[in-house]
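In structure tokens, the structure reads:
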């Protein structure tokens, strides 16, 4: 087992001797082994310091870190303690949102139809604020999508048609998301078992890195794959549309010639 003096430990962990002593005084890392006047630190100390550094980079306070490590020592739910649940349930991409008065929302949509509002709420695009039957305000949870809706409505596309398209897209994209996440679940349990929970700092680091990368890769590849698919399908359908237009034009010219 590798052993360290305090200055070597600090260097290996990417921190300072002062920080090591401070963490030790707070009870965040174990006391060193004493050999006479020499303090000896081990891989356990180095691993704990790396966890602390990682948590600090993620914005945790020293108080949070103390609770985290105390939870491990108490044997609390590792999924909770290691932050996996928060990481998994955190939205993959936060869209810009805005709180608006009900009247302003109705003017924007051109309707206050409860059925339309219900569809928008089911799609996760709006949220009524307050418990009133007729809320005075709504949280628009995705202003970018609302602006896109408005642009289509401005050129004459009915809102109900747009919402029908949104519903169909949501259903089909759910299949894509299920495929990706199911593949990720299979990958994370490869060589282990379904329901596996990390049991060490190293396993936790790996699991959290894997989940972050899965979320990033899924978002990027899905976005770019959709763009390529849109380009291909737009070209195909445009060619088909123009072919029909040519046949109609040729037919009209033949009729006029007769």
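In full-length UniProt numbering, the protein residues as written are 1 to 258.
All C-beta atoms, glycine included, are put in the ideal place defined by N, C-alpha and C.
| Asked | Found |
| --- | --- |
| 8 Å contact criterion, which residue 187 and residue 198 should meet: CB distance rounded | Actually they are not in contact, since the Cβ atoms of residue 187 and residue 198 sit about 15 Å apart, beyond 8 Å. |
| Residue 144: first and last residue of the uninterrupted alpha helix (DSSP H) it sits in | 143-154 |
| Exposure of residue 243, with buried meaning 16 or more beta-carbon neighbours within 10 Å | exposed |
| The alpha helix (DSSP H) enclosing residue 120, as first and last residue numbers | 114-122 |
| In chain order, each beta strand (DSSP E) run of at least 3 residues that lies wholly inside the stretch 161-242 | none |
| Proximity below 7 Å, CB of residue 32 to CB of residue 41 | yes |
| The stretch 138-151 in contact with the stretch 117-126 per 3-pair CB rule at 8 Å | yes |
| Residue 46 and residue 10 closer than 7 Å at C-beta | no |
| Per-residue burial, residue 200 [other beta carbons within 10 Å of its own, 16 or more giving buried] | exposed |
| Boundaries of the alpha helix (DSSP H) in which residue 29 is found, first to last residue | Counting along the chain, residue 29 falls outside any alpha helix (DSSP H), and DSSP gives it neither H nor E. |
| 8 Å contact criterion, which residue 28 and residue 6 should meet: CB distance rounded | Actually they are not in contact, since the Cβ atoms of residue 28 and residue 6 sit about 15 Å apart, beyond 8 Å. |
| Straight-line Cα distance separating residue 119 from residue 163 | 7 Å |
| Buried/exposed call for residue 240, threshold 16 Cβ in 10 Å | exposed |
| Cα-Cα separation, residue 185 to residue 211 | 10 Å |
| Per-residue DSSP class, three states only, for residue 39 | strand |
| One or two residues paired with residue 100 in a DSSP bridge | 138 |
| Residue 129 - DSSP class collapsed to helix/strand/coil | strand |
| Residue range of the alpha helix (DSSP H) that includes residue 6 | 6-13 |
| Distance, residue 189 Cα to residue 195 Cα | 8 Å |
| Nearest-angstrom Cα separation, counted from residue 25 out to residue 260 | Beyond the ends of the chain as shown, which are 1 and 258, falls residue 260; an answer cannot be given. |
| Which of helix, strand or coil DSSP assigns to residue 244 | helix |
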